[in-house]
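Q: Chains as they are written, first to last, in numbering that gives the first Met the number 0: chain A, 0 to 1167; chain B, 0 to 577.
Here a beta-carbon is modelled for each residue, glycine too, at the ideal position from N, C-alpha and C.
Supplied in structure tokens, the structure appears directly below.
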Amino acid sequence: MFNKMKRLFTSSLYILLLSVTLQAQVLSLNVSDQPLRDVLPQVEQQCDWHFFYNSSLPGLDSRVTVNLTNVPLEQALKQLFAGTGIAYKLTDNKVIVLTAEEKKSATRQVSGTVIDKATNEPIIGASVIIKGTTQGTITDYDGQFVLDASTGQYIEISYLGYEPYDVRVSANADNYHVAMTESTSQLDEVVVVGYGAQKKVNLTGAVSVVDQKEIVGRPTPNMAVALQGVDPALNVTMSAGGPGASYNFNIRGSASINNASTTKPLVLVDGVEMDLSRINSNDIESVSILKDASASAIYGSKAAAGVILVTTKSGKEGLAPQVTIDAKAGFKTETTEHDFITQGFWSAYISDIFMRQHTNYGMTTYTDADYAELWMRINDKTENPERPWVVTQPDGSYKYYANFNWYDYYYKSTRPVQDYNISLKGGNDRVNYFVSARYFTEDGMIRIDNDKWHQVSTRAKVNINIKPWMHYGVNFSFFSSRYTYPGTTSSRELFRVGSLHAMAYIPATNPDGSAVYLNPWIYSGQGTVGDGMNALLIYGKHKNTNINREMVMKHSLSFDLYKNLSLNADYSLTWRMKEISNRSVKVPYSCKEGTTDVIENFRSVDSYHQQLARYMTHNYNVYLRWTPTWDKHSLTLTAGYNGEMYRYHSLEAERMDLMTEDLSSFNFAKGEVTDLSESIKTASTNGFFARVNYDWAGRYLFEVSVRADASSRFAPGYRWAVAPGGSIGWRMSEEPFWEPIQGWWSNAKIRLSAGQLANQMTGYYDYIQSVDADGMFTQQITLDGQSVLSYATEADPNAGTLTWEKMTTYDAGLDLSWLNNRLSLTGDIYIRNTEGMLNTGTALPSVYGATDPKKNSANMSTKGWELSLVWRDQQKVAGKPFRYEIGGGVGNYKTVITKYNNPEKLLSTYYEGQVLGEIWGYEIDGLFANQQEVDDYMTKVNPVESEVYTDIMAVMDSEAPGLHPGDVRYVDLNGDGKITSGNGTVDNPGDRRVIGNRLPKYNYNFHVSAEWYGIDLSIYFQGVGHCDWYPLNEATTYWGPYSRPYQGFMATDFMSRVWSEDNPNAYFPRYRAYEALGSANSLGPTNNRYMLNVGYLRLKNITVGYTLPCWKKVFSEFRIYFSAENPWYWSPLQQYCRSIDPEQAIAGSQAITYGFARSFTFGLTVTF
Amino acid sequence: MDLYPEDQLSTATFFTSETALHEYSNYFYRMMPDPETMYAEEGEHFVAPTPNDLIRGIRDIHSGESYWKKDSWRNLRKINYLLTNANQCENKDARDHYRGVAYFFRAYFYFDMLRHFGAVPWYDEPINADDEEALRRPRDSRDVIIGHIIDDLDSAYVLLPAVRTPYEVNAWTALALKSRACLFEGTFRKYHAGTTFNGGSDIYNVQLPWDDLLRQAADASLTLINNGGYSLYTSGAEPYRELFATLTPRDEEVIWARSYSKDLDIKHNAQAWSVARQTGFTKRHADLYLMTDGSRFTDQPGFDTKIYTEVFVNRDPRMAQTIYAPGYIQMGADKSYPVNLMMTVTGYKYTKYIMESTYNNWGGSVTSMPIFRLAEVYLNYAEAKAELGTLTQADLDMSVNRLRDRVGIAHMILSDANANPDASMTAESGYGFSSPVLLAHPNKGVLLEIRRERMVETPLEGLHLWDILRWREGHLFTLSRLGLYFPGEGKYDMTGNGKADILLSPTKKSGGIGVTCLVFDQDIYLSQSTSGNMVAYKDMIMQWDEQKDYLWPIPVTDRTMTLGALTQNPGWIDDVKF
């Protein structure tokens, strides 16, 4: 057809002739706002001319309005086609050929200036695009733009934070002045939701959007850290403070009591599942948190605990290549104080007095003469040659009189951190791209043989419009991290055992440089300094490396099939590798001049261990999207398929006795193979999903979605789970009746949602009875006396009927904004019922012959709420615009077990009616002030029969056995004359009651940000309202010698908190070693007196930046900034212990972890 | 969608290979008896430091839970699992072999349950968690259980190879178990006839006649004796002692043994139990040993007041090979030490299973522990025939008299024994057998001699408790436990070298070099305080309920969970009512 048309064009000869005939034709046409396509037949009816055109010609759908009466044809045509972009040609055989208007002739250069309406400041970098085309540009530093356009086209100008603005190119203006109004709300924001995007105003589910400003640019190693506290529904707890520390997170509390580690929110980065810790926060464009089941139902089986959707940055059409470089460097320190006793005299003295109260000998076995030596040196910060810290005894053994700072010896107080990012983005009508790379490195806190973290990540994202109706995208990312550290496999070990027997009067090394570990003078040859960690670090041959690599490759294709109908298909491959290697050697130490011994414990063995694990996930999506609109109706239909295949394969080996200590390879290992095993896990899911969104005039909003998933983790017949979800919204503010108050109450929306999700995170093959082929009896058996009998046997059967756990969520929400959207509020209340959690089913008679099988038999229910409030405004200050924002959020929830198979209501497991996280404990009403109080107490309570006084009452040769003034006084709650734990049930808990809850309550955050004259400031606080913590036995920096009399890190003011007759109002009881170590000791049992509130308020981040106004000709942005992460916190815990970070306490009851860090960095961002 | 574990086998495909069946059946060997049930075999014949609740007659309602529990029934589940799945294996020989192993162990399991609980529910396939009917199955009668035991053992005998190996079960172990089980059940029925344990409620109203069971016991024994190819171990200077003091089983005689190994650190406690625990045989047991000429020790004048150095003279050599005799030299030692009376409550310390002193330490023994041996089969054979009344002298000669030949004492003569029943074994002053069934038996004389032979041949082998229960002689456990006789204060030679080794005295005093002073009522307890027999369990009340104590109680929780489908054993009162 086109060829035919070409031929027609060439016959221009006939034009003259035609004009004659044309004159003869007259038309009358009266149309109003009709598509041109529909008008053409009317023309044909009135004359004998026919139109000839390609029906896909752009412009045919332009709406035209003409009012003509008996106008000559040519004139009529001219008016009709004006501004439609259509050119016409008349041929000799009465055919009017329509073609697209040739640009050259029609377009011209137009220019313009974009300014802020309020401030008249130019807007730099606003996107200027000709609507419906791929042409565009961005405004320069003066807010100016130049581009080619033709009359009738619309120029669309948009800039983040401003209402988009359209300008029609008129025939008689070439320069346009655009004043943009700042969008004071995020109402028009487009939010990424499952398999699509939605305008925020139209959302009906509980979805919150994280402002990328709160994430990008912070000196955080990864997104897990950055997301902490961004939304009150999102609870992120870090396990430790060190590099690469793992984290736990949930949305609105744990969704299940089972597999808390696997039942966690699904994190999708550009639609592909990833771990938060492997996402470069600088790549992020937006983050959506889908909190309720209706919003996440479309993701089905993996979304039971909520979904976090992360969208990374993309290139843009019409964006000239833009390079951004961000570099920051700084240092980290610990958040807590470490003012520990370093005077040898006092460290020895305190351990001795504590020990003597427990047993009849001291800890150190130092004599008065030894103490005199220590006293002489008490103020020697460094060793005075006249008073050496190590004195060699006649037999060659060493005796120690040091003032040694073990904490500073083990740990660095500051450590460097560096973070470099570079990104490139741009695009034209055919291709757009985004490429980034990052290198992040930090040193750990271990001073000797420093631990180091390196992290590299890169992303490349390209979208290609192959045809106007066919788009292809590829998104590739790679992440690699390497952590090297000294010591034993568990880097945490140093923090626990490193301090044991590492007392200030003992130095780390002997005069000849050998390591101190054990000798006759250290606690009579019983105490092993640092349990060997010191010697091990000095020797420096223990090496550990953890490597994680992840590659994600996603290919996607989409087709615009028809108006508003598209077909999307993508395939992604995630490949991950974990490599762990651990080398351990035999560690030497010396206890006598000229001799060397080898440590004999499990930390000092010659072995090499390696684990190689591979993970592979294939994920497929195919879905259709149809978005028809008519009149005031708009509809979105999404339907498709999602399939996933997962495979994990790990190989682990360990072998003893290597030929060299300096290299580690199995090639040198000649000893026993202590481990050689592999583990394979596979899983697959198939899911079909569909969603319908409908709204009428943006006023009544409906959404229904359903997803059906089959999981390989369940037996055929129990595989499928359906996740339905539905929500409705009513934007009252769109109603006519709202008009009178629209002026000050700009938006009001009520949302209601309900949905059910299913959780498949049980074991991989739970329904299949597997056979353990390598069984060994607990008490080994031999048949012939030659070899140990091995056996193969099947695991105890699971109920074959195992199936999905179901979570049903009901959510009611309110979105309000006032004063032209300057003040906005979002609130939600919700109930989430989890049903069918796997748990031991009913007890079966013994003849069953196997452990009672698990069944989907436990239920729980979570109720909670969230609220956030933001005020945004701008004013002129000193003639310059001052933009600021203040906002905050808070949320809370409570989870109750509603069904659990524990008829006796044993406290050792879950029981019906239990509030998740509750702490049962005793009550202490104070310390015995004097003997009279002790005697009175003993008339009512028999301490010998009291579990909590077992150790105190035990007949031991301590200096003071039995109850004494200064001991803790437990309250006999049940009045039975003894303090016991009863029979450990709810009905008979002895003298215990619920005294607290260990789950963080009232997560809150608030932030302030402001921008003026190129200066930007953002302050961001995060906190936990309340969280109870009972420090357990090994929380040594809290308990000090009450835990172990030989633990080295004790606060200098510790003794001021210890009871004595001169200090009767002290916090801690009379000194006595080991009291906190076990449940038979008086401080071991959980009680109210020593339970602490570890809620906190933390200044999470403060950033101050300055965008330099100069060099604008070269750089579109040149900003310098200072950012401090975690610089300050407040917690009630500080009153009792300043060396434990409250988050460290939340992470574990013993609070022994890598120290939590704060960082201070200076950075530079350059864009050109 | 169907994904199976790749690093673990799944039951759907597991049982296809011979190796798999072999490895799976290895699990069953955990049912081998705990050696402590052998060397710590308490009863009227042997004393442990503190008597257990069973022999004191004070078991409580929970005492059955040690035997009727998930872990014991788990064994049955596994056995039935193999039997249900063995057809996955195409190799018929392998399939048959391991089905045979499973049949053997199922019989072994049910025999143990039968002995403890009498009637138990019978299951021949693994129970599904939702199979309410099976889970609440009432108890099947003793008839059903012993019938299945015999069926299983007959199947095992056919399916298992007829090879002599003491390590793995085979056709001969199946016969040995059949011999033991049929003798147990036959005699139990005979001696308990008319009691609440045989009669009364349905499950104890047994139909299968006892004599049929005893015939099967005799037949199984005879087949094993004639066709098994086993012979008594007769090598060495003291074959009886060496039969037990060995690291590897004497496989000419031992049909099945439990092995131990120092290298593998798989050990038991038989030696330390003697060396370091206050254990000992009773006088009642010691008196059973005949004189070498076949005459009875209890017929010797003044036998009751013979002292330590006198009682071992001219006795059945098994006595000094089982009990610490004067002049006893431990293996590997070069001299004899006097028995440590502080470390035995009766003076008759055992030396069975005792080897060199390197194994003395706690948990340090690695001697092979026989589970079945030919001697027991001989005794089973003779006893079954005697109970049936079909015993001949030839039967005795081909069975118990071979045991006597090994140790060189005179034969048992059928006619002599029946003509002159040993009154000391039935009188209250003597061993005290008092079952009216026994007393009225025409073979009473030879039955007593066969029981004597059984008791002196197999002490501390885990048989005695069951013998007493099946003979219905539980009242014996209430008898006082006496030991060595001491006429009074003074010095005694305990090694037979003519020199005094101990001094018995009311007060602590020196008895000279090498003499240990033992103070009355402090270091040594005698029946008349300063004279008489050593006495264990002084002042301890022992009781026995003839209406109750022959079985263990069914666990209360299981009765509750089955809504009373499991009935309680006679005499046991619990609160479960339905």
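1. If I measure Cβ to Cβ from A:E660 and keep anything under 6 angstroms in the same chain, skipping five residues before and after, which residues do I get?
2. Can you list, in chain order, the residues of its chain whose CB lies under 6 angstroms from that of A:N618, leaving out five sequence neighbours each side?
3. Looking at B:K305: is its Cβ nearer than 8 angstroms to the Cβ of B:Y484?
4. Tell me the rounded alpha-carbon separation between B:D557 and A:D851.
5. Using a Cβ-Cβ cut-off of 8 angstroms, state whether B:A128 counts as contacting chain A.
6. Counting only runs of 3+ residues fully inside the region 491 to 573 of chain B, write out the beta strand (DSSP E) ranges in chain order.
7. Counting only beta-carbon separations shorter than 8 angstroms, does B:Y122 have a partner in chain A?
8. In chain A, what lies closer than 8 angstroms to B:L8 by C-beta?
9. Which whole runs of the beta strand (DSSP E) in the region 206 to 270 of chain B are 3 residues long or more, in chain order?
10. Can you give the beta carbon distance from A:R481 to A:H500, rounded, assuming they're within the 8 angstroms contact cut?
11. Would the region 417 to 428 of chain A count as touching the region 310 to 326 of chain A if we require 3 or more Cβ pairs under 8 angstroms?
12. Just to make sure I have the definition right: I need the residues of chain A whose C-beta is within less than 9 angstroms of the C-beta of B:N25. Which are they?
13. If contact means a Cβ-Cβ distance below 9 angstroms, which residues of the region 661 to 693 of chain A contact chain B?
14. Does DSSP put B:P435 in a helix, a strand or coil?
15. According to DSSP, simplified to helix, strand and coil, what is B:V365?
16. Under the assumption that A:G887 contacts A:L868 (Cβ atoms under 8 angstroms), give the Cβ distance between them as a whole number of angstroms.
17. Residues in its own chain within less than 6 angstroms of A:S498 by CB, not counting five upstream and five downstream?
18. Can you find at least 3 beta carbon pairs, one from the region 296 to 303 of chain A and one from the region 756 to 764 of chain A, that sit closer than 8 angstroms?
19. Compute the beta-carbon to beta-carbon distance between B:L378 and B:V445, rounded to the nearest angstrom, for a pair I have assumed lies under 8 angstroms.
20. Along chain B, which residues have their Cβ under 9 angstroms away from the Cβ of A:G848?
21. Grouping DSSP H, G and I as helix and E and B as strand, with all else coil, what is B:T18?
22. Could you tell me how far apart the beta carbons of A:M806 and A:A205 are, in whole angstroms, since I believe they sit closer than 8 angstroms?
23. Candidates B:F476, B:E89, B:S258, B:T281: which alpha carbon is nearest B:P369's?
24. Which class does A:D369 belong to by DSSP, given the choice of helix, strand or coil?
25. Give the single residue among B:I328, B:A374, B:V338 whose Cα lies nearest to the Cα of B:M354.
26. Hey, does B:E22 have any beta-carbon neighbour from chain A nearer than 8 angstroms?
27. If you scan the region 181 to 250 of chain A from start to end, which runs of the alpha helix (DSSP H) of 4 or more residues do you find wholly inside it?
28. Starting from B:F187, follow its DSSP beta bridges and name the residues at the other end.
29. So, at 6 angstroms on beta carbons, what are the nonlocal neighbours of A:Y164 in its own chain, with the 5 sequence-adjacent residues on each side left out?
30. Here's a check: name, in chain order, each residue in its chain whose Cβ is nearer than 6 angstroms to the Cβ of A:S683, leaving out the five neighbours to either side.
31. For the structure I just gave you, are there three or more beta carbon pairs, one from the region 1126 to 1135 of chain A and one from the region 207 to 221 of chain A, closer than 8 angstroms?
32. Does any C-beta atom of chain A lie closer than 8 angstroms to the C-beta of B:Y38?
33. Let me see if you follow: with CB-CB separation under 8 angstroms, is B:P435 close to chain A or not?
34. Can you list, in chain order, the residues of its chain whose CB lies under 8 angstroms from that of B:I78, leaving out five sequence neighbours each side?
35. Report yes or no: do the region 269 to 279 of chain B and the region 292 to 310 of chain B share at least 3 C-beta pairs separated by less than 8 angstroms?
36. Which whole-angstrom value is the C-beta distance of A:V604 and A:M655, which I expect to be below 8 angstroms?
A: Short version:
1. Excluding five sequence positions before and after A:E660, the CB atoms of its chain that fall closer than 6 angstroms to its own CB belong to K540, V584, given in chain order.
2. Cβ within range, chain order: S571, E643.
3. Yes, the Cβ-Cβ distance between B:K305 and B:Y484 is below 8 angstroms.
4. When rounded, the separation of the alpha-carbon atoms in B:D557 and A:D851 is 14 angstroms.
5. Flagged as an interface residue toward chain A: B:A128, by a C-beta distance shorter than 8 angstroms.
6. Assignment of beta strand (DSSP E) within the region 491 to 573 of chain B, counting only whole runs of 3 or more residues, yields 501 to 504, 515 to 518, 531 to 535 in chain order.
7. Closer than 8 angstroms to some Cβ of chain A, the Cβ of B:Y122 qualifies, so yes.
8. Residues of chain A passing the Cβ test: S769, V770, A772, A791.
9. The qualifying runs are 253 to 257.
10. Actually they are not in contact, since the Cβ atoms of A:R481 and A:H500 sit about 33 angstroms apart, beyond 8 angstroms.
11. Touching, yes, given that three or more Cβ pairs across the two stretches are closer than 8 angstroms.
12. In chain order, G774, I780, L782, L788, S789, Y790, A791, T792 make up the part of chain A whose C-beta sits under 9 angstroms from the C-beta of B:N25.
13. If the cut-off is 9 angstroms between Cβ atoms, the region 661 to 693 of chain A has S676, E677, S678, I679, K680, T681, A682, S683, T684, N685 near chain B.
14. Shown here, B:P435 sits in a helix according to DSSP, grouped into three states.
15. DSSP places B:V365 in coil when its eight states are reduced to three.
16. About 6 angstroms separates the beta carbon of A:G887 from that of A:L868, a gap short enough to meet the 8 angstroms contact definition.
17. Taken in chain order, the residues that qualify are Q1046, G1047, F1048.
18. The region 756 to 764 of chain A and the region 296 to 303 of chain A touch, with three or more beta-carbon pairs separated by less than 8 angstroms.
19. That belief does not hold up - the Cβ atoms of B:L378 and B:V445 are roughly 12 angstroms apart, past 8 angstroms.
20. Those are K69, D70, S71, W72, R73, N74, L75, R76, K77, N79, Y122, P125, I126, listed as they occur along chain B.
21. If DSSP states are grouped into helix, strand and coil, B:T18 belongs with the helices.
22. Contact doesn't hold; Cβ gap of about 14 angstroms is too wide.
23. If we check each option's Cα against that of B:P369, B:S258 comes out closest.
24. DSSP places A:D369 in helix when its eight states are reduced to three.
25. Just measuring C-alpha positions, the residue of B:I328, B:A374, B:V338 sitting nearest B:M354 is B:I328.
26. So, interface residue.
27. Listed in chain order, the complete alpha helix (DSSP H) runs (minimum 4 residues) inside the region 181 to 250 of chain A are 222 to 226.
28. Answer is none; B:F187 lacks a bridge partner.
29. Excluding positions up to five away in sequence, the list reads I156, V177, M179.
30. Within the same chain, and ignoring the five residues on either side of A:S683 in sequence, the residues whose Cβ sits closer than 6 angstroms to its Cβ are M644, S711.
31. Flag = no, the region 1126 to 1135 of chain A and the region 207 to 221 of chain A do not touch.
32. No, no contact with chain A.
33. Residue-level contact by beta carbon fails for B:P435 and chain A, as no gap is shorter than 8 angstroms.
34. Non-local beta-carbon contacts of B:I78 in its own chain, meaning distances under 8 angstroms to residues more than five positions away in sequence, involve F27, A101, F104, R105, F108 in chain order.
35. Segments in contact, no.
36. The C-beta separation of A:V604 from A:M655 comes to about 7 angstroms, placing the pair in contact by the 8 angstroms criterion.
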